[in-house]
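Q: If you're matching them up, the sequences are chains H and S in order.
Going by numbering that gives the first Met the number 0, 48 is the number at position 49 of the first sequence; the sequence numbering is gapless.
Going by numbering that gives the first Met the number 0, 38 is the number at position 39 of the second sequence; the sequence numbering is gapless.
Glycine is no exception: its CB is placed at the ideal position from the N, C-alpha and C atoms.
Dropping a structure here in structure tokens format, bear with me for questions.
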Amino acid sequence: MSSFKARVFVHLRPSVLDPAGEATRSATKRLGIDGVTQLRIGKAIELEIEAANKDDARSKIELMSDRLLANPVIEDWTLEFKDEQKALKN
Amino acid sequence: MNIGIIVFPGSNCDRDVRWATEGCLGVPTSFLWHETTDLDGYDAIVIPGGFSYGDYLRCGAIARFAPVLNSLISFVDKGGKVLGICNGFQILTELGLLQGALTKNKNLHFICDTANLSIESTKSSWMNNYKKHDSISLPIAHGEGRYQCSPDTLKKLQDDDSVALRYSDNPNGSIYDIAGITNKNGNVLGMMPHPERACDEALGNIDGKLILSTLLS
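Next comes the structure, spelled out in structure tokens:
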């Protein structure tokens with residue numbers, strides 16, 4: 000078994016209004032920064048998982064992203080692996 | 000006739016529902032802890048409002064994995080009546096018993112108000128004491144009640160006569176002013192407004208009583 004670090008980024012689908020993102024965008028103007036034409040807020044979920052190999056880890060994370068981390072009705076997600084850790088002894 | 004109310008860590012309308020069903024309508028009502036799996040002997044199950052599991056990740060996202068909800072799916076398949084109110088509606092969409100999803104109100108406010116509603120369908124066993132286009136008002140109290148679904152899903156809901164309740168003055172940005180929907184068979188109703196808070200004359204509004212009184216018929 001090896002341990003893998005990954006980050007799943009969950010964001011609202013482009014067709015779904017993000018009122019929190021819009022409110023934050025309006026604050027950029029108050030900060031004095033002009034020209035921010037779009038700002039949308041998502042969630043980054045960092046996790047570590049033990050799996051036989053990277054493909055196994057990927058399929059487990061894909062399943063949890065589809066079923067738990069994101070709601071596919073309103074959200075999309077992307078997955079990236081971080082530095083792969085040393086193989087665990089067992 | 001027996002009603003079960005599912006209680007999650009963070010539910011906070013469970014006792015209000017019991018006051019409405021048992022206190023106002025006289026229907027024997029019990030609380031069901033979310034770890035139970037036995038729903039035998041119940042005619043209807045209510046999933047109450049609140050903040051199940053702190054609404055971590057998304058409203059209803061963690062609650063949907065509670066053991067009791069596996070049993071709820073078989074309960075629904077056998078025709079049992081289920082009512083999800085507010086957080087209960089969010090849980091039913093996460094679970095897939097109802098279509099679509101609920102997300103942040105358009106104006107980002109937690110809205111605590113009385114909403115005027117129109118009865119859009121009386122197909123559901125929960126709604127058949129009303130007539131189509133009846134106007135009622137019920138309390139609402141939510142931060143994430145904006146109903147969202149794809150255009151295809153909306154068309155299917157309309158074709159199936161599954162849009163149960165619509166806001167007269169949309170408070171939260173819900174698509175098609177949707178305040179409540181049913182499943183195709185009509186035995187599952189999810190709604191953001193709180194009928195249990197409008198059953199006691201002492202509270203000045205009993206418009207919610209007809210929804211819950213279907214349990215007596």
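1) Starting from cysteine 148 of chain S, find everything on chain H with Cβ-Cβ shorter than 7 Å and list it in chain order.
2) Report buried or exposed for glycine 179 of chain S, applying the criterion of at least 16 other Cβ atoms within 10 angstroms of its Cβ.
3) With respect to the beta strand (DSSP E) encompassing glutamine 147 of chain S, which residues constitute its N-terminal and C-terminal limits?
4) When you compare only the Cα positions, how much space is there between asparagine 127 of chain S and asparagine 115 of chain S?
5) Can you check DSSP and say which residues form a bridge with phenylalanine 8 of chain H?
6) Could you give the first and the last residue of the continuous alpha helix (DSSP H) run that contains alanine 56 of chain H?
7) Have a look at histidine 10 of chain H and asparagine 104 of chain S and give me their C-alpha separation to the nearest angstrom.
8) Between the alpha carbons of alanine 65 of chain S and leucine 94 of chain S, how many angstroms are there, rounded?
9) Using DSSP bridges, identify the partner residues of glycine 189 of chain S.
10) Given 8 Å as the limit, is there contact between the segment 44-53 of chain S and the segment 6-16 of chain S, that is, 3 or more CB pairs closer than that?
11) Hey, is proline 13 of chain H's beta-carbon within less than 9 Å of any beta-carbon in chain S?
12) In chain H, what lies closer than 7 Å to alanine 100 of chain S by C-beta?
13) Tell me the DSSP bridge mates of tryptophan 32 of chain S?
14) In chain H, which residues lie less than 7 Å from leucine 164 of chain S when you measure between Cβ atoms?
15) Buried or exposed: aspartate 13 of chain S, going by 16 or more other Cβ atoms within 10 Å of its Cβ?
16) Work out the CA separation of leucine 78 of chain H and asparagine 52 of chain H for me, nearest whole Å.
17) Can you tell me whether DSSP reads glycine 53 of chain S as helix, strand or coil?
18) If you reduce the DSSP assignment to three classes, tell me which class asparagine 69 of chain S lands in.
19) For a test of the three-state rule: what should DSSP assign to proline 13 of chain H, helix, strand or coil?
20) Spell out whether any CB of chain S is found under 9 Å from the CB atom of alanine 19 of chain H.
21) Expressed to the nearest angstrom, what Euclidean distance is found between the alpha-carbon atoms of lysine 80 of chain S and serine 124 of chain S?
22) For lysine 208 of chain S, which residues in the same chain have their Cβ closer than 6 Å to its Cβ, ignoring the five residues on either side in sequence?
23) Of all the CB atoms in chain H, is at least one closer than 9 Å to the CB of asparagine 86 of chain S?
24) Quick check: the Cα distance between glycine 20 of chain H and arginine 39 of chain H, rounded to an integer number of angstroms?
25) Shortest alpha-carbon distance to histidine 193 of chain S belongs to which of S:Lys183, S:Ile205, S:Arg145 and S:Lys155?
26) Less than 8 Å separating the Cβ of tryptophan 76 of chain H from some heavy atom of the ligand MN?
27) Give me the DSSP bridge partner(s) of aspartate 112 of chain S.
28) Could you compute how far the alpha carbon of glutamate 21 of chain S sits from the alpha carbon of serine 70 of chain S?
29) Drop a sphere of 10 angstroms on the beta-carbon of lysine 88 of chain H, count the other beta-carbons inside from all chains shown, and report buried for 16 or more, exposed for fewer.
30) Is valine 26 of chain S near glycine 87 of chain S, with beta carbons less than 9 Å apart?
31) Going by C-alpha distance, which of S:Asp160, S:Leu188 and S:Ser136 is nearest glycine 203 of chain S?
32) From the DSSP output, which residues share a beta bridge with phenylalanine 88 of chain S?
33) Give me the Cα-Cα distance between serine 161 of chain S and leucine 97 of chain S, rounded to the nearest whole angstrom.
A: Working from what's here:
1) By 1-based counting over the second sequence, the position of residue 148 of chain S is 149. Those within 7 Å of cysteine 148 of chain S in chain H are Val72.
2) Counted from its first residue, the second sequence places residue 179 of chain S at position 180. Label assigned to glycine 179 of chain S: buried.
3) Translated into positions along the second sequence, residue 147 of chain S becomes position 148. Here the beta strand (DSSP E) through glutamine 147 of chain S covers 145-147.
4) Translated into the one-based positions of the second sequence, residue 127 of chain S becomes position 128. Translated into the one-based positions of the second sequence, residue 115 of chain S becomes position 116. Roughly 19 Å separates the two Cα atoms.
5) As a working note, residue 8 of chain H is residue 9 in the first sequence. DSSP lists H:Ala43 and H:Thr77 as partners of phenylalanine 8 of chain H.
6) As a working mapping, residue 56 of chain H is identified with position 57 in the first sequence. Alanine 56 of chain H -> alpha helix (DSSP H) spans 53-63.
7) Stepping through the first sequence from its first residue, residue 10 of chain H is reached at position 11. Stepping through the second sequence from its first residue, residue 104 of chain S is reached at position 105. Their backbone Cα atoms lie some 17 Å apart in a straight line.
8) As a position in the second sequence, residue 65 of chain S is number 66, starting the count at 1. As a position in the second sequence, residue 94 of chain S is number 95, starting the count at 1. Distance between the alpha carbons of alanine 65 of chain S and leucine 94 of chain S is about 10 Å.
9) For the purposes of this step, residue 189 of chain S is taken as the residue at position 190 of the second sequence. Looking at the DSSP output, glycine 189 of chain S sits in a beta bridge with S:Gly83 and S:Ile180.
10) Between the segment 44-53 of chain S and the segment 6-16 of chain S there are three or more C-beta pairs closer than 8 Å, enough to call the two in contact.
11) Start at 1 with the first residue of the first sequence, and residue 13 of chain H comes out as number 14. It does not: the Cβ of proline 13 of chain H has no partner Cβ on chain S nearer than 9 Å.
12) Locating residue 100 of chain S in the second sequence gives position 101, counting from the first residue. In chain order: Asn70, Val72 and Ile73.
13) In the second sequence, the residue the question calls residue 32 of chain S occupies position 33. Tryptophan 32 of chain S pairs with S:Val6.
14) Taking the first residue of the second sequence as 1, we reach residue 164 of chain S at position 165. Within 7 Å Cβ-Cβ: nothing; leucine 164 of chain S doesn't reach chain H, min ~20 Å.
15) Within the second sequence, residue 13 of chain S is the residue found at index 14, counting from 1. Under this definition aspartate 13 of chain S is a buried residue.
16) Here residue 52 of chain H corresponds to residue number 53 of the first sequence, with the count starting at 1. Here residue 78 of chain H corresponds to residue number 79 of the first sequence, with the count starting at 1. Rounded to whole angstroms, the gap between the alpha carbons of asparagine 52 of chain H and leucine 78 of chain H is 16 Å.
17) As a first step, residue 53 of chain S must be located in the second sequence, where it is residue number 54. Shown here, glycine 53 of chain S sits in a helix according to DSSP, grouped into three states.
18) Counting from one through the second sequence, the residue named residue 69 of chain S turns up at place 70. Looking at asparagine 69 of chain S - three-state DSSP - the assignment turns out to be helix.
19) Residue mapping note: residue 13 of chain H aligns to position 14 of the first sequence, counting from 1. Under the three-state reduction of DSSP, proline 13 of chain H is assigned to coil, being neither helix nor strand.
20) For this step, residue 19 of chain H is matched to residue 20 along the first sequence. Yes, its Cβ sits closer than 9 Å to a Cβ of chain S.
21) The residue given as residue 80 of chain S occupies position 81 in the second sequence. The residue given as residue 124 of chain S occupies position 125 in the second sequence. Straight across, the Cα-Cα distance linking lysine 80 of chain S with serine 124 of chain S is about 8 Å.
22) Here residue 208 of chain S refers to the residue found at position 209 when the second sequence is read from its first residue. Around lysine 208 of chain S: Cys198.
23) As a working mapping, residue 86 of chain S is identified with position 87 in the second sequence. Interface residue (Cβ-Cβ distance to chain H less than 9 Å): asparagine 86 of chain S is not classified as such.
24) The residue given as residue 20 of chain H occupies position 21 in the first sequence. The residue given as residue 39 of chain H occupies position 40 in the first sequence. Looking at the two C-alpha atoms, the distance is approximately 4 Å.
25) For this step, residue 193 of chain S is matched to residue 194 along the second sequence. Of the candidates S:Lys183, S:Ile205, S:Arg145 and S:Lys155, the one whose C-alpha sits nearest the C-alpha of histidine 193 of chain S is S:Ile205.
26) This structure lacks the ligand MN; in fact it carries no ligand of any kind.
27) Along the second sequence, one-based indexing puts residue 112 of chain S at 113. Looking at the DSSP assignment, aspartate 112 of chain S forms a beta bridge with S:Ile139.
28) Translated into the one-based positions of the second sequence, residue 21 of chain S becomes position 22. Translated into the one-based positions of the second sequence, residue 70 of chain S becomes position 71. Annotation: glutamate 21 of chain S to serine 70 of chain S spans about 24 Å, alpha carbon to alpha carbon.
29) The residue labelled residue 88 of chain H in the question sits at position 89 within the first sequence. Confidence is the limiting factor: at lysine 88 of chain H the pLDDT is only 44, short of 50, which leaves the residue's position unreliable, though a coordinate-based value still follows. Answer is exposed; the Cβ neighbour count stays below 16.
30) In the second sequence, the residue the question calls residue 26 of chain S occupies position 27. In the second sequence, the residue the question calls residue 87 of chain S occupies position 88. Taking 9 Å as the cut-off, the beta carbon of valine 26 of chain S is found no closer than this to the beta carbon of glycine 87 of chain S.
31) Taking the second sequence and counting its residues from 1, one reaches residue 203 of chain S at position 204. The shortest C-alpha separation from glycine 203 of chain S is found at S:Ser136.
32) Numbered from its first residue, the second sequence carries residue 88 of chain S at position 89. For phenylalanine 88 of chain S, which the question treats as bridged, DSSP gives no partner whatsoever.
33) Looking up residue 161 of chain S in the second sequence gives position 162. Looking up residue 97 of chain S in the second sequence gives position 98. Taking the straight line joining both Cα atoms gives about 10 Å.
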